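Trainee: If you scroll down you'll find the structure; I have some questions about it.
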Amino acid sequence: GDEDKFLHEQLLPHRFEEACRSVGAPFMLRMQPGYDHSYFFIATFIEDHIRHHAKALKSGD
Numbered sequence: 001g002d003e004d005k006f007l008h009e010q011l012l013p014h015r016f017e018e019a020c021r022s023v024g025a026p027f028m029l030r031m032q033p034g035y036d037h038s039y040f041f042i043a044t045f046i047e048d049h050i051r052h053h054a055k056a057l058k059s060g061d
């Protein structure tokens with residue numbers, strides 16, 4: 001989330017985005033306002049994350 005204390009010094013998602021774009025790899029970042037990377041973030045969005053992977057596994061991607 002956008003409140004993660006490691007976002008700008010360690011996680012650096014903008015660098016990952018740049019790397020993906022430079023090689024033409026797909027990139028999607030979902031930044032959740034008001035969240036960090038704590039248990040509460042994980043607990044809030046884990047179902048959506050599991051559904052995402054289940055859909056990919058079912059489609060063979």
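For the record, in the sequence shown the residue sitting at position 30 is 30 according to full-length UniProt numbering, with numbers rising by one throughout.
In this text, a Cβ means the ideal position worked out from N, Cα and C, and glycines have one as well.
Values in this document were obtained by computation on a predicted structure and should not be read as measured data.
What span of residues does the alpha helix (DSSP H) with Ala56 cover, start to end?
Mentor: By one-based count along the sequence shown, residue 56 stands at place 56. That run of the alpha helix (DSSP H) goes 39-59.
Trainee: For Ala19 and Phe6, what's the separation of their Cα atoms in angstroms?
Mentor: By 1-based counting over the sequence shown, the position of residue 19 is 19. By 1-based counting over the sequence shown, the position of residue 6 is 6. So the alpha carbons of these two residues sit roughly 19 angstroms apart.
Trainee: For Leu18, which of helix, strand or coil comes out of DSSP?
Mentor: Walking along the sequence shown from the start, residue 18 turns up at place 18. In the sequence as displayed, the identity of residue 18 is Glu instead of Leu. Helix.
Trainee: If we ignore side chains and look at the alpha-carbon of each, how far apart do Ala54 and His8 end up?
Mentor: Counted from its first residue, the sequence shown places residue 54 at position 54. Counted from its first residue, the sequence shown places residue 8 at position 8. The alpha-carbon atoms of Ala54 and His8 are separated by roughly 31 angstroms.
Trainee: Just to confirm, is the Cβ distance from Asp4 to Asp48 under 9 angstroms?
Mentor: The residue given as residue 4 occupies position 4 in the sequence shown. The residue given as residue 48 occupies position 48 in the sequence shown. Taking the C-beta atoms as reference points, Asp48 is found no nearer than 9 angstroms to Asp4.
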